[in-house]
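A.B. asks: Sharing a structure here in structure tokens format.
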Amino acid sequence: MSSTVNTNSLNANSSNAAPVSASDARAISPGRRVLFSLVADADPGTLPRVLEYVAKRGLVPLALHSRLSGDMLDIAMEIGDLPQAETDHVGRCLGQIPMVARVTVTELAAEVAAAERFAELVAAE
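See the structure below:
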């Protein structure tokens, strides 16, 4: 037994709606910049898992820096336009990654350049 489905009517309905990405649908806080500083195990899966929480929200980091220190990885990731509630949520999610030992969230002043902040991280070593 066979059946036929008219795909023209299905496609006509779905083509009228514009696709909505995560970045189109989310609230933003223009000009707000947040730095997530993490200390994690030096594991090949650490960075992809950290970036997963940012990518699935349709975000691209303004800056990302990682440095291997012995058997630990120091990661600094700056995200822009992130509302406080979403910042808190991302921070909690990052802290639940098994290889992450510590997460620190810092709101950056508008005049502080990302390069200056990451220079501090590098100089601390």
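145 is the number that my numbering gives the last residue of the sequence shown; the numbers go up by one with no jumps.
Beta carbons: idealized from backbone N, C-alpha and C, even for Gly.
Just so you know, these numbers come straight off a predicted model, no measurement behind them.
Can you tell me where the beta strand (DSSP E) with residue 80 in it begins and where it stops?
C.D. replies: Neither: residue 80 is in no beta strand (DSSP E) and is coded neither H nor E.
A.B. asks: For residue 48, tell me which candidate among 107, 112, 119, 113 has the shortest Cα-Cα distance.
C.D. replies: 107
A.B. asks: What does residue 129 pair with, by DSSP beta-bridge criteria?
C.D. replies: According to DSSP, which records beta bridges pairwise, residue 129 is partnered with nothing at all.
A.B. asks: Along the chain, where does the alpha helix (DSSP H) containing residue 112 start, and where does it finish?
C.D. replies: 104-115
A.B. asks: Using a Cβ-Cβ cutoff of less than 7 Å, which residues in the same chain neighbour residue 62 once the five nearest sequence positions on both sides are dropped?
C.D. replies: 88, 91, 92, 93
A.B. asks: Using three-state DSSP, classify residue 122 as helix, strand or coil.
C.D. replies: Here residue 122 sits in strand by DSSP.
A.B. asks: For residue 18, which beta-bridge partners are listed by DSSP?
C.D. replies: For the chain, the structure presents residues 21 to 145; residue 18 sits outside this window and is missing.
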